[in-house]
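Worksheet for the structure shown next.
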Amino acid sequence: MSKVRPKKHLGQHFLTDRNIAERIVESLSGHKGYEEVLEIGPGMGVLTDFLINKEEYRTSLIDIDSESVAYLKTHYKDLKGRIIEGDFLRLDPKTLFDKDFAVIGNFPYNISSQIFFKILEHRQTIPEVVCMLQKEVAERIASKEGNKIYGILSVLLQAFYDIDYLFTVGREVFNPPPKVESAVIRLRRNQVNKLDCDEALFKRVVKQGFNNRRKTLRNALKPLDLPDVIKKMDLLNKRAEQLTVDDFVFLTKAIADHKN
Ligand code: SAH
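Counting from 1, one number per residue, gives the positions in the sequence shown under this note's numbering.
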């Protein structure tokens, strides 16, 4: 089998620049913290080529495309048993690893947000992520409060990970070229194991706050039916995009305290 035919509905844009591929793989930094790396969406293995030479960790692959998987199985015989045909969004990582693992990949851009929600769900076992995605989403994830592009994923991910925007990648190094520019980011889990508040409520507050990002929180959070003491807080004069992660934690705690 020679090549995989790029399929648009699977977000397949194959990276053709091996120098960039190597740079992405070299961006994994925490080799001492884990021995397993899962590559999401290897396609034709441009990253895999560099991953398999590493002695610090073992590489496993998951791709949803049977044509890619057939290609990978013929090219990476040493990875036998560690090439999975499947949907990362439906994967239960516990069936693969009984310890921590890092995630790497040039993500299918159409589902990059869903991939991050899935990573958050399993953050206890994922100390590091290095990935390429649309530049716009990368900037959003890495942005800080006070910024127009700061949003739900910025807050939820920054609550548990330190994020580095590493570098921008142009359209011309892909086959076929995507419509948008790309960027590579790295997420390294921080010291926060558990938030100092009800995490489910935290998520609701963040989501609701950003749903109406131009309104003050007093208005944006109306559907949560907040007690009057909370509505009087100065913090509620602000808009969601002005709050730090710690502000959201503080607010969530205050809401929980007054609901009891
Ligand atoms: N890493 C390769 C391919 C990137 S394209 C490269 O850089 O060239 C994105 C890849 O993700 C494709 O191979 C596609 O088949 C795969 N993919 C798409 N949706 C997926 C999903 N839900 N789970 C796992 N892989 C997926």
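A virtual CB, placed ideally from N, CA and C, is assigned to each residue, including glycine.
Distances from the alpha-carbon of E172 to those of L226, Y161, H13 and G45 put H13 closest. Membership of N219 in the alpha helix (DSSP H) is indicated by the continuous run L217 to A220. Scanning its chain for C-beta atoms nearer than 6 Å, with the 5 sequence neighbours on each side dropped, one finds around D63 the residues G41, P42 and V69, in chain order. Per the C-alpha coordinates, the member of S29, V46, E39 and G11 positioned closest to N19 is V46. Bridge pairing for T168: A183 [DSSP]. In the DSSP assignment, S154 falls within the alpha helix (DSSP H) that extends over I152 to F160. For N19, the enclosing alpha helix (DSSP H) stretches over residues R18 to E26.
Between A142 and I163, the gap from beta carbon to beta carbon is short of 7 Å. Remark: the C-beta of V46 is in contact range of ligand 1, defined as less than 6 Å to any heavy atom. A distance of 7 Å or more separates the beta carbons of D100 and Y165. Under the three-state reduction of DSSP output, F107 falls in the coil class, being neither helix nor strand. In the structure shown, V37 falls within a strand segment according to DSSP collapsed to helix, strand and coil. Between Q114 and L133, the gap from beta carbon to beta carbon reaches 7 Å or more.
If you draw a 10 Å sphere on the C-beta of V155, you find 16 or more other C-beta atoms in it, and that means buried. Between the segment 145 to 154 and the segment 121 to 135 there are fewer than three C-beta pairs closer than 8 Å, too few to call the two in contact. Approximately 6 Å separates the beta-carbon atoms of K135 and V180; this is inside 8 Å, confirming the contact.
Within 6 Å of the C-beta of I119 there is not a single heavy atom belonging to ligand 1. Here V130 carries a strand assignment [DSSP, helix/strand/coil]. Counted as a single uninterrupted DSSP element, the stretch harbouring I115 is not any beta strand (DSSP E) but the alpha helix (DSSP H) occupying residues S112 to E121.
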